[in-house]
Amino acid sequence: MLSFALGCEEAQTLATQPLSASVLTINKSENFMQKLTRILFTTALTLSILCSPTAAFAKAKIQIAILLDSSNSMDGLIDQTRTQLWQIVNFLTKVTKDGQVPELEVALYHYGNDTLPSSEGFVRLLTGFTPELDLVSEKLFSIKTNGGQEYAGWVIRSAMQELNWSKNPEDFRVIFIAGNEPFDQGPIVWNQSVNLAVKGDTLVNTIYCGSAESQERRLWASGAELAKGSSFNINQNQQIVVIKSPYDDEISTWNTKLNQTYIPYGREGRIGQQRQAVEDSNSGTSFASRSASKASEYYDNASWDLLDALENGTVKLEAISDDNLPEIMRGMTLTEKRAYVAGKKTEREAIKKTIRDLSQKRAAYIEQQRQSSTNSGENTLDRVIIQSLRQQLAAKGFKLN
-6 MLSFALGCEE AQTLATQPLS ASVLTINKSE NFMQKLTRIL FTTALTLSIL
44 CSPTAAFAKA KIQIAILLDS SNSMDGLIDQ TRTQLWQIVN FLTKVTKDGQ
94 VPELEVALYH YGNDTLPSSE GFVRLLTGFT PELDLVSEKL FSIKTNGGQE
144 YAGWVIRSAM QELNWSKNPE DFRVIFIAGN EPFDQGPIVW NQSVNLAVKG
194 DTLVNTIYCG SAESQERRLW ASGAELAKGS SFNINQNQQI VVIKSPYDDE
244 ISTWNTKLNQ TYIPYGREGR IGQQRQAVED SNSGTSFASR SASKASEYYD
294 NASWDLLDAL ENGTVKLEAI SDDNLPEIMR GMTLTEKRAY VAGKKTEREA
344 IKKTIRDLSQ KRAAYIEQQR QSSTNSGENT LDRVIIQSLR QQLAAKGFKL
394 N
């Protein structure tokens, strides 16, 4: 009888290396050796997965870095990004890889603003990669335009060097940079910065805010071509036509109920809950689109919401002191706390489903109205971003359902 014990390190090593003749010497037939090898390999591989379940079953990741020119003429660009963030997120909710909805992380820079230090290339990181979309929205609304030098090469280099890009070759990494000044402006050579993206397997999509016939646009297109990305031009001051639907008011009502299922905890609890309310208000005419995003798997608030944190394994309920829980949960037994959390989770899932159903009807209604619109072909920020993502995610093995 053969017996053996494997630790995690040994199991992972054995799972990836062939058996050596010095490991086992068994004077049996070749057929027996093959069977034994398969058994040992399978056992070692199983132990390896059990030792590292997160790595074995990790979801694919989508990382999007948005780089926005915030000089004087870019108010329209910033406004489009603020209002159309949620349409972009809603498109991504239809994307899967290996049958799973991937993780989404967004980072945000602004550049070309006189309020930023010249020693830093008039560039500012507003948030690194985060799954918390309310934080991204909050930072977008914090941008104030001002005249400045727009150094595209500098901000691309900063994004490649400062952000925590995934090293997994199966993940999707992309930069969207938008502006209207010459792409080669500034002391950092633009193609050297773009080559950093190429080495990091990161696409660069350029969005020139101006005429398609402009000489300056050609260099923006060259930047995208070098990084195997796409190049577009938009009118940043294009008036966005907002189509109201018969479902908007009902979605708004259910969104209010959805907010009531959040359980703030810890130091970030109150801050996060207030941010959620502020960004609801900031979304304005995009409120229904934002509500649809909030009903998706991408709306993750694990830093301040107890339900999301428990779902992600960030915290354990028994480890949280009453001082870090909302007043209604203080003094509850652990059993009562678990029952309260389970009730809120059930309530949230039911509300999300209702919002998703209503949002689907709303999307169908709006698409019907848009097809009859005279300006349905105008390029806007969300349209060019979605167009490029549709093609580039498919090329990376992601599926659009």
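For the sequence shown, position 115 (counting from the first letter as 1) is numbered 108 according to the numbering used here, and the numbering increases by one without interruption.
Just so it is clear, CB atoms sit at the ideal spot from N, CA and C, and this is done for glycine as well.
**Alpha carbon of residue 344 to alpha carbon of residue 294, nearest angstrom** = 17 Å
**Asked** So, residue 266 versus residue 297, is the Cβ gap smaller than 8 Å?
**Response** yes
**Request:** Classify residue 136 as buried or exposed, calling it buried when 16 or more other Cβ atoms lie within 10 Å of its own Cβ.
**Result:** buried
**Prompt:** Going along the chain, which residues of its own chain have a beta-carbon closer than 7 Å to the beta-carbon of residue 383, five neighbours each way excluded?
**Reply:** 393
**Message:** If contacts are defined as beta-carbon pairs under 8 Å, then residue 176 and residue 145 qualify, I think. What distance do you get, rounded to the angstrom?
**Reply:** 5 Å
**Message:** For residue 93, which residues in the same chain have their Cβ closer than 6 Å to its Cβ, ignoring the five residues on either side in sequence?
**Reply:** 52
**Request:** Measuring alpha carbon to alpha carbon, tell me which of 310, 122, 179 and 357 ends up nearest residue 153.
**Result:** 122
**Prompt:** Is the beta carbon of residue 54 sitting closer than 8 Å to the one on residue 184?
**Reply:** no
**Beta-carbon proximity of residue 138 to residue 71, cut-off 8 Å** = yes
**Rounded straight-line distance, which links the Cα of residue 225 to that of residue 388** = 19 Å
**Request:** Less than 8 Å between the CB atoms is what I'm expecting for residue 66 and residue 173, so what's the real figure, rounded?
**Result:** 6 Å
**Message:** With a threshold of 8 Å on Cβ separation, who are the neighbours of residue 291 within its own chain once the five nearest residues in sequence on each side are excluded?
**Reply:** 82, 85, 86, 94, 97, 124 and 126
**Message:** Which of the three DSSP states is assigned to residue 56 in this structure?
**Reply:** strand
**Prompt:** According to DSSP, is residue 260 helix, strand or coil?
**Reply:** coil
**Item:** Start and end residues, alpha helix (DSSP H) containing residue 323
**Value:** Careful: residue 323 lies outside any alpha helix (DSSP H) and carries neither H nor E.
**Asked** Once you ignore the five residues that flank residue 278 on each side, which residues in its own chain have a CB closer than 6 Å to its CB?
**Response** 235
**Asked** In its own chain, which residues sit with a C-beta less than 8 Å from the C-beta of residue 115, not counting the 5 before and 5 after it?
**Response** 104, 105, 106, 107, 109, 141, 142, 143, 144 and 147
**Asked** So what does DSSP say about residue 280, is it helix, strand or coil?
**Response** helix
**Item:** Top-ranked residue by Cα proximity to residue 242, from 231, 281 and 260
**Value:** 281
**Message:** For a quick check, are the C-beta atoms of residue 128 and residue 155 less than 8 Å apart?
**Reply:** no
**Message:** According to DSSP, residue 165 sits in a beta bridge with which residue or residues?
**Reply:** 55
**Request:** Give a yes or no on whether the C-beta atoms belonging to residue 188 and residue 381 are separated by under 8 Å.
**Result:** no
**Request:** Have a look at 195, 364, 285 and 60 and flag the residue whose alpha-carbon is nearest the alpha-carbon of residue 355.
**Result:** 285
**Request:** Assign residue 66 to one of three DSSP states: helix, strand, or coil.
**Result:** helix
**Message:** Restricting to Cα atoms, I'd like to know which of 272, 77, 300 and 373 is closest to residue 331.
**Reply:** 300
**Message:** Among the candidates 262, 192 and 163, whose CA atom is the shortest distance from the CA of residue 91?
**Reply:** 163
**Message:** Only counting the same chain, and skipping five residues up and downstream in sequence, which positions put a Cβ closer than 7 Å to that of residue 378?
**Reply:** 81 and 169
**Request:** Measure from the alpha carbon of residue 350 to the alpha carbon of each residue in 262, 256 and 289, then state which is nearest.
**Result:** 289
**Message:** Run through the DSSP bridge pairs and tell me what residue 75 is partnered with.
**Reply:** None; residue 75 has no bridge partner.
**Asked** Nearest-angstrom Cα distance between residue 362 and residue 77?
**Response** 18 Å
**Asked** Going straight from the alpha carbon of residue 244 to that of residue 348, what length do you get?
**Response** 6 Å
**Prompt:** Thinking C-alpha only, which one of 372, 75, 193 and 180 is nearest residue 227?
**Reply:** 372
**Request:** Taking residue 385 as the reference, give the member of 223, 316 and 100 with the closest Cα.
**Result:** 223
**Item:** Nearest residue (CA-CA) to residue 134, options 275, 329, 316 and 307
**Value:** 275
**Prompt:** Taking the alpha-carbon positions, what's the residue 196 to residue 218 distance?
**Reply:** 10 Å
**Asked** Whole-angstrom Cβ separation of residue 69 and residue 229, contact assumed at under 8 Å?
**Response** 4 Å
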